[in-house]
Amino acid sequence: MKKLIYLLFTIATSINFYGQDKPFVPLRIIAIGAHPDDCDAKFGGTAALYAKLGHKVKFVALTNGDAGHQDMGGGILGKRRRAEAKKAGEILGVEYDVLDNHDAELIPTLSVRHQVIRKIREWDADIVLGLRPNDYHPDHRNAGIAVQDAAYLVIVPNVTPDTPPLKKNPIFLYMQDGFQKPYPFSKDIVVVIDEVMDQKQRAFAAHESQVFEWMPWTMGMNENEIPKGENERLEWMKNVYLKQKKLDKSSLDALKKWYPNTDATKVKNAEFFEICEYGKQPTDEEIKYYFPMLK
Amino acid sequence: MNVIVFGAHPDDCDNKMGGTAALFAQMGHRVKFVSVTNGDSGHYEKGGGHLAKIRRNEAQEAGKKLGVEYTVLDNHDGELLPTIEVRHQVIREIRKWEADIVLTHRPVDYHPDHRYTGVLVQDAAYLVIVPNVTPDTPPLKKNPVFLYLQDHFQKPNEFKADITVDITRVFDKKMDALDAHPSQFYEWLPWTAGKLLDVPKNEIQKREFLIKEWSRPISDKARESLTKWYGPEKAEKALHSESFEICEYGKQPTDEEIRELFPMLNN
Chain A
1 MKKLIYLLFT
11 IATSINFYGQ
21 DKPFVPLRII
31 AIGAHPDDCD
41 AKFGGTAALY
51 AKLGHKVKFV
61 ALTNGDAGHQ
71 DMGGGILGKR
81 RRAEAKKAGE
91 ILGVEYDVLD
101 NHDAELIPTL
111 SVRHQVIRKI
121 REWDADIVLG
131 LRPNDYHPDH
141 RNAGIAVQDA
151 AYLVIVPNVT
161 PDTPPLKKNP
171 IFLYMQDGFQ
181 KPYPFSKDIV
191 VVIDEVMDQK
201 QRAFAAHESQ
211 VFEWMPWTMG
221 MNENEIPKGE
231 NERLEWMKNV
241 YLKQKKLDKS
251 SLDALKKWYP
261 NTDATKVKNA
271 EFFEICEYGK
281 QPTDEEIKYY
291 FPMLK
Chain B
1 MNVIVFGAHP
11 DDCDNKMGGT
21 AALFAQMGHR
31 VKFVSVTNGD
41 SGHYEKGGGH
51 LAKIRRNEAQ
61 EAGKKLGVEY
71 TVLDNHDGEL
81 LPTIEVRHQV
91 IREIRKWEAD
101 IVLTHRPVDY
111 HPDHRYTGVL
121 VQDAAYLVIV
131 PNVTPDTPPL
141 KKNPVFLYLQ
151 DHFQKPNEFK
161 ADITVDITRV
171 FDKKMDALDA
181 HPSQFYEWLP
191 WTAGKLLDVP
201 KNEIQKREFL
211 IKEWSRPISD
221 KARESLTKWY
231 GPEKAEKALH
241 SESFEICEYG
251 KQPTDEEIRE
261 LFPMLNN
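Note that the protein sequences, when read in sequence, are chains A and B. With the working numbering applied, the first sequence corresponds to residues 1 to 295, in that order. With the working numbering applied, the second sequence corresponds to residues 1 to 267, in that order.
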């Protein structure tokens, strides 16, 4: 019996060894949000996990965020937010591009569609993440449309011919939202992000103009309520945003499917994704390949 | 009966309702296909006006095979947006054809041009009867019946086979119409699917390839709809069909009116 176990062990390790002979090809993921901080909030944890595993992630903000403040604006704010985005990207281990379209004025024009197509092609993306076109902010909805409209066209050589087309239509996924109409977000894929939650929080906090200034202002908070010290601010932030939510039944079902060996009741933080019908339609096996952190 | 079909590209109408169009034509009704774009992006080594010219000629050829008129509008492929200008083009086409039935894509189809064609035609519904809209072309007296062509998308709701036409006896004609678009069915579409090398050279094998790639078995829901319109016996014998969904923005026909609008259902 011992010999048999030894034999099986040897076979198993040699198969594994053979597997390691194959050169590692990093996956290439691009997440496209409307403002600098959208991708971080909805995909920051999963992005950090990809980066840790050696895969290549890029965040794109389609607007420069130049309307997102109560007493700053325009190019000055755009510049500040670009710098915040770079810092957040460094914390997560991802690239961060901020396009120079005005905040709160995004329309899914051909010119923006072409910007999106170029970004996806230049990144040679396997997976593209976008917002659903029924999110709360018009920039979110229009960013969602611009990304949907790039699906399929990214493989057409005559479209945006200044940038070579992709060979295959990537997988397109939606990042999570809470909107119910015309149908609620479908939790097709879940990624547990507990081990990188700290990174996600620090990346989010890097958007100082938003997290400690603009968003509290929109929520009617008093400036004096916000602590000044670095660690105190981070603690404060954790309680205001990115709060751990109780996982509902659909979340637990998704966890059971993608993490069959994990006790779902112990999971604290997760990110969810819905498969868009306009990209490649992956099988469950393919999803496991494209999300190597699932286990 | 005057029937007008709007597809995004030259070949969409043929693919989605070529069979039903051929049946209408055989019974003496007038059918017009309109491609809202000129298809000038749909190739891997040709493009622009040169490709548009090839595709316009292919469309004319396909129209002849089916016995329908074919108009190709000069909007760029891959760049269609639901602008007022294109909406007016659509309104003019519907009015000039004095359409009883208007068909188009659902605005949830896979290609942005398909989605926006769907939006444009939806937006023409009702406005076709308003004299102050696009006043260079006299309005219709009645809002036509608007129908969607079939697709397989599930969100926000799946396609509903309200009307299903048995096209078994004109299936060959439909394939003739697809065959008239060689730049698409033997070049561009196989290229996008990574199957360019699988395209056979001789005519018999080409036809087999076309049928294999572009005919689908009749779904359970389509069979159910066939049974409603043709009765169980005929429905069971059908080999090929085309289904249509009633759009809420046009006239809402009763079953009796549908039988008048689709006289082939009574055969």
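Glycine included, C-beta positions come from ideal geometry on N, C-alpha and C. Computed from a predicted model, the values in this text were never measured in an experiment.
Item to check | Any chain B beta carbon closer than 8 Å to residue 174 of chain A | outcome: As a first step, residue 174 of chain A must be located in the first sequence, where it is residue number 174. Chain B, which has no Cβ nearer than 8 Å to the Cβ of residue 174 of chain A, makes this no.
Next on the checklist: Can you tell me whether residue 76 of chain A is buried or exposed? The criterion is at least 16 other CB atoms within 10 Å of its CB, across all chains shown.
Outcome noted: Locating residue 76 of chain A in the first sequence gives position 76, where the first residue counts as 1. Residue 76 of chain A comes out exposed.
Checklist entry - Hey, is residue 74 of chain B's beta-carbon within less than 8 Å of any beta-carbon in chain A? => result Taking the second sequence and counting its residues from 1, the one referred to as residue 74 of chain B is at position 74. Not closer than 8 Å to any Cβ of chain A, the Cβ of residue 74 of chain B fails to qualify, so no.
Next on the checklist: Which same chain residues end up closer than 7 Å to residue 123 of chain A when comparing Cβ atoms and leaving out the 5 residues on each side of it in sequence?
Outcome noted: By one-based count along the first sequence, residue 123 of chain A stands at place 123. Same-chain partners within the cutoff: 28, 30, 58.
Checklist entry - From residue 290 of chain A to residue 109 of chain A, what distance separates their C-alpha atoms? => result What you label residue 290 of chain A is simply residue 290 of the first sequence in a count that begins at 1. What you label residue 109 of chain A is simply residue 109 of the first sequence in a count that begins at 1. Cα-Cα distance, rounded: 31 Å.
Checklist entry - Within the 8 Å Cβ cut-off, does residue 149 of chain A reach chain B? => result Taking the first sequence and counting its residues from 1, the one referred to as residue 149 of chain A is at position 149. True, the Cβ-Cβ gap to chain B drops below 8 Å.
Checklist entry - Given 8 Å as the limit, is there contact between the stretch 240–251 of chain B and the stretch 179–196 of chain B, that is, 3 or more CB pairs closer than that? => result no
Item to check | For residue 125 of chain A and residue 4 of chain B, the rounded distance between their alpha carbons | outcome: To locate residue 4 of chain B, count along the second sequence from 1; it is residue 4. To locate residue 125 of chain A, count along the first sequence from 1; it is residue 125. For residue 4 of chain B and residue 125 of chain A, the distance between alpha carbons rounds to 40 Å.
Item to check | Separation of residue 182 of chain A from residue 210 of chain A, as counted between CA atoms | outcome: Here residue 210 of chain A is taken as the residue at index 210 of the first sequence, counted from 1. Here residue 182 of chain A is taken as the residue at index 182 of the first sequence, counted from 1. Using only the alpha carbons, I get a separation of about 30 Å.
Item to check | C-beta atoms of residue 146 of chain A and residue 112 of chain A nearer than 8 Å | outcome: By 1-based counting over the first sequence, the position of residue 146 of chain A is 146. By 1-based counting over the first sequence, the position of residue 112 of chain A is 112. For residue 146 of chain A and residue 112 of chain A, yes; Cβs fall inside 8 Å.
Checklist entry - In chain order, which beta strand (DSSP E) runs of at least 3 residues are fully inside the stretch 49–133 of chain B? => result 69–75, 101–104
Next on the checklist: Quick check: what's the CA-CA separation for residue 26 of chain A versus residue 50 of chain A?
Outcome noted: In the first sequence, counting from the first residue as 1, residue 26 of chain A sits at position 26. In the first sequence, counting from the first residue as 1, residue 50 of chain A sits at position 50. In a straight line, the C-alpha of residue 26 of chain A is about 9 Å away from that of residue 50 of chain A.
Checklist entry - Which residue's Cα is closest to the Cα of residue 120 of chain A: A:293, A:136, A:174, A:154? => result Here residue 120 of chain A corresponds to residue number 120 of the first sequence, with the count starting at 1. Answer by Cα proximity: A:154.
Item to check | Residues near residue 261 of chain B by beta carbon distance below 7 Å, same chain, minus five either side | outcome: Along the second sequence, one-based indexing puts residue 261 of chain B at 261. Answer for residue 261 of chain B: 1, 100, 101, 145, 253, listed in chain order.
Checklist entry - List, in order along the chain, the chain B residues whose C-beta lies closer than 9 Å to that of residue 157 of chain A? => result As a first step, residue 157 of chain A is located in the first sequence; it is residue number 157 there, counting from the start. Under the 9 Å cutoff, chain B gives 41, 43, 44, 45, 47.
Checklist entry - What's the call for residue 255 of chain B, buried or exposed, on a 16-neighbour Cβ count within 10 Å? => result Against the second sequence, residue 255 of chain B aligns to sequence position 255. Its Cβ having fewer than 16 others within 10 Å, residue 255 of chain B is exposed.
Item to check | Spatial distance of residue 78 of chain B from residue 162 of chain A (CA atoms) | outcome: Position 78 of the second sequence holds residue 78 of chain B. Position 162 of the first sequence holds residue 162 of chain A. Using only the alpha carbons, I get a separation of about 15 Å.
Checklist entry - Does the distance from the CB of residue 44 of chain A to the CB of residue 200 of chain A come in under 8 Å? => result As a first step, residue 44 of chain A is located in the first sequence; it is residue number 44 there, counting from the start. As a first step, residue 200 of chain A is located in the first sequence; it is residue number 200 there, counting from the start. A contact, by the Cβ cut-off of 8 Å.
Checklist entry - Quick one: is residue 278 of chain A near chain B, going by C-beta distance under 8 Å? => result Numbered from its first residue, the first sequence carries residue 278 of chain A at position 278. True, the Cβ-Cβ gap to chain B drops below 8 Å.
Item to check | Min CB distance residue 150 of chain B to chain A below 8 Å | outcome: Translated into positions along the second sequence, residue 150 of chain B becomes position 150. Chain A contact via Cβ: absent.
Checklist entry - Any beta-carbon of chain A closer than 8 Å to the one on residue 18 of chain B? => result Residue mapping note: residue 18 of chain B aligns to position 18 of the second sequence, counting from 1. Cβ-Cβ to chain A under 8 Å: no for residue 18 of chain B.
Checklist entry - Measuring CB to CB, does residue 106 of chain B end up less than 8 Å from residue 159 of chain B? => result To locate residue 106 of chain B, count along the second sequence from 1; it is residue 106. To locate residue 159 of chain B, count along the second sequence from 1; it is residue 159. In this structure, residue 159 of chain B lies closer than 8 Å to residue 106 of chain B by Cβ.
Checklist entry - So what does DSSP say about residue 224 of chain A, is it helix, strand or coil? => result Position 224 of the first sequence, counting from 1, holds the residue named residue 224 of chain A. It is helical.
Checklist entry - Taking 8 Å as the CB-CB cut-off, is residue 50 of chain A touching chain E? => result In summary, chain E is missing from the structure at hand, where the protein chains are A and B.
Checklist entry - Which chain B residues are close to residue 152 of chain A, counting only those with a beta carbon under 9 Å from its beta carbon? => result Taking the first sequence and counting its residues from 1, the one referred to as residue 152 of chain A is at position 152. Per Cβ cutoff of 9 Å: 110, 111, 112, 192.
Next on the checklist: Given this structure, state the Cα-to-Cα distance separating residue 80 of chain A from residue 67 of chain A, to the nearest angstrom.
Outcome noted: What you label residue 80 of chain A is simply residue 80 of the first sequence in a count that begins at 1. What you label residue 67 of chain A is simply residue 67 of the first sequence in a count that begins at 1. For residue 80 of chain A and residue 67 of chain A, the distance between alpha carbons rounds to 12 Å.
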